[in-house]
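There are 2 protein chains.
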Amino acid sequence: MSEPRPDASPEPSDEARLFTLFNEIGIIQQLSGTAFERVLPHGLTQAQFTVLNHCVRLGDNKTPAQLASAFQVTRGTLTSTLQRLEAKGFIEIVPDAKDGRSKRVLLTASGHAAAAACIAAAAPILTRAREALSRDEVERLLPLLTKLRVWLDENRSL
Amino acid sequence: MSEPRPDASPEPSDEARLFTLFNEIGIIQQLSGTAFERVLPHGLTQAQFTVLNHCVRLGDNKTPAQLASAFQVTRGTLTSTLQRLEAKGFIEIVPDAKDGRSKRVLLTASGHAAAAACIAAAAPILTRAREALSRDEVERLLPLLTKLRVWLDENRSL
DNA sequence: CCCATATAGTATGACACCAAACTATTGAAG
DNA sequence: CTTCAATAGTTTGGTGTCATACTATATGGG
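Encoded structure:
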């Protein structure tokens, strides 16, 4: 939950502007996330799609720990997402041959198809979202967001 | 959950860039949100702080429905957040005199103090976060994010 | 070889969130 | 005045997320 237009004091401090920035990001994430989820097939969620999409684009046969690290979530969070995906038949989780502690996540044919269906379902709303920002605005926004994301990632301890 | 650097195809479509943008926003929200929550006093959460902060800045005596609309969450979500805040003694929820269906949310003295404590607790990490982006970068980022947020808000149906 | 430490995965409990269903009250149309 | 649709708030069930604690397996140093 975040707050809109944290308003206009006469001359907001740098910290206040940053706070506003995080508020805006919170709302954007919430609105875009639920809009996206509403169109996904098979009752898939954003989290579940992210796993499928990762496997499609970057290959499967990763360990849960690798995936958790890639998505910046805890291993516990990923455990439950993987369990739901396995229940839907979209992935298979097998023991790692080399390391008795590890497992490997494999995309099934059905999971591959589901990922494609998600992308197809999302295309119309992404196209529609191009009304929101021009191509140029997106290109101005992205490097700054990436910079912020990288900083946060590197300063996770605080 | 979101994915980092959705990678580099030779020439990504506008839609793909937008998708990347939403991914970055998702990660930023997740990392900044948990960092913020870790420093909040009284076991307060981001959602709970947002309510207190709203009351401090924009006045209390709002209805839950008004707050839910301001924060872009469902009434059901707000119900539970308000219940937790009331249990902590930071707000009081009273019936509305005019409308038998409505209630009014009032900030207690203790709630006022808690909001101030949150802001004090957050100040160091906001100061630290100024390393992430220059003042100028924040000012370039904010209008674009606001534009995107407003568009999403106005196109909630899809 | 044994033990201390690190790592992988899991389980639990708490919170936020949504969607959908439900109750109670209001208000307007007939 | 009655009825019906809209609104306020709540409840339930499912998901994601974290923090914490737990088990099992590796690995490295005596």
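Each protein sequence line maps, in turn, to chains H and G.
Counting from 1, one number per residue, gives the positions in the first sequence under our numbering.
Counting from 1001, one number per residue, gives the positions in the second sequence under our numbering.
Positions of the beta carbon are idealized from the N, C-alpha and C atoms, including for glycine.
Because the structure is a prediction, the values reported are computed rather than measured.
Candidates the options, of which the one nearest residue i by Cα
i, options, result
"Asp1096(G)", "Arg1140(G), Thr1063(G), Ala1047(G)", "Thr1063(G)"
"Leu1067(G)", "Leu1021(G), Thr1127(G), Val1105(G), Gln1046(G)", "Val1105(G)"
"Gly43(H)", "Asp136(H), Arg75(H), Lys88(H), Ser69(H)", "Lys88(H)"
"Thr81(H)", "Ser69(H), Val51(H), Asn61(H)", "Val51(H)"
"Phe1090(G)", "Gly1100(G), Thr1079(G), Val1138(G), Ala1115(G)", "Ala1115(G)"
"Asp1136(G)", "Glu139(H), Leu144(H), Val138(H)", "Leu144(H)"
"Gln956(G)", "Ala1123(G), Phe1019(G), Lys1103(G), Lys1098(G)", "Residue 956(G) lies beyond the stretch modelled for chain G, which goes from 1001 to 1158, so this question has no answer here."
"Glu92(H)", "Gly111(H), Lys98(H), Gly33(H)", "Gly111(H)"
"Gln46(H)", "Asn61(H), Phe19(H), Leu85(H)", "Leu85(H)"
"Asn61(H)", "Ile25(H), Lys98(H), Gly33(H)", "Lys98(H)"
"Asn1053(G)", "Ile1119(G), Arg1140(G), Val1150(G)", "Ile1119(G)"
"Arg1101(G)", "Asn1155(G), Ala1065(G), Gly1033(G)", "Ala1065(G)"
"Arg1128(G)", "Asn155(H), Thr79(H), Ala122(H)", "Asn155(H)"
Coarse secondary structure for residue i, derived from DSSP in three states
i, result
"Val1051(G)", "helix"
"Val94(H)", "strand"
"Val1105(G)", "strand"
"Lys88(H)", "coil"
Neighbour flag for residue i against chain G, beta carbons, 7 Å
i, result
"Leu145(H)", "yes"
"Gly100(H)", "no"
"Phe49(H)", "no"
"Val138(H)", "yes"
"Leu148(H)", "yes"
"Leu142(H)", "yes"
"Gln66(H)", "no"
"Leu44(H)", "no"
"Arg135(H)", "yes"
"Arg75(H)", "no"
Cβ pair residue i, residue j closer than 7 Å
i, j, result
"Asp1014(G)", "Arg57(H)", "no"
"Leu1148(G)", "Ala35(H)", "no"
"Ile1125(G)", "Gln72(H)", "no"
"Cys55(H)", "Leu21(H)", "no"
"Val138(H)", "Arg1017(G)", "yes"
"Glu1024(G)", "Thr146(H)", "yes"
"Ala117(H)", "Pro41(H)", "yes"
"Leu142(H)", "Leu1152(G)", "no"
"Gln1029(G)", "Gln29(H)", "yes"
Contact with chain H by residue i, beta-carbon distance below 7 Å
i, result
"Ser1032(G)", "yes"
"Val1094(G)", "no"
"Ala1008(G)", "Confidence is the limiting factor: at Ala1008(G) the pLDDT is only 47, short of 50, which leaves the residue's position unreliable, though a coordinate-based value still follows. Chain H contact via Cβ: absent."
"Gln1029(G)", "yes"
"Asp1014(G)", "yes"
"Ala1120(G)", "no"
"Ala1129(G)", "yes"
"Ala1161(G)", "Residue 1161(G) lies beyond the residue range present for chain G, which begins at 1001 and ends at 1158; the question has no answer from this structure."
"Leu1107(G)", "no"
"Leu1160(G)", "Lying outside 1001 to 1158, the shown extent of chain G, residue 1160(G) is not represented and no answer is given."
"Leu1152(G)", "yes"
heavy atom of the ligand ATP below 6 Å from residue i C-beta
i, result
"Gln30(H)", "With respect to small molecules bound, the structure shown includes none, and the ligand ATP cannot be examined in it."
Mind listing which residues of the region 1077-1090 of chain G have their C-beta closer than 8 Å to chain H's C-betas, in chain order? Closer than 8 Å at the C-beta level to chain H, one finds these residues of the region 1077-1090 of chain G: Thr1077, Thr1081.
Which residues of the region 1015-1026 of chain G have a Cβ closer than 8 Å to any Cβ of chain H? Give them in chain order. Residues passing the 8 Å Cβ filter: Glu1015, Arg1017, Leu1018, Phe1019, Thr1020, Leu1021, Phe1022, Glu1024, Ile1025, Gly1026.
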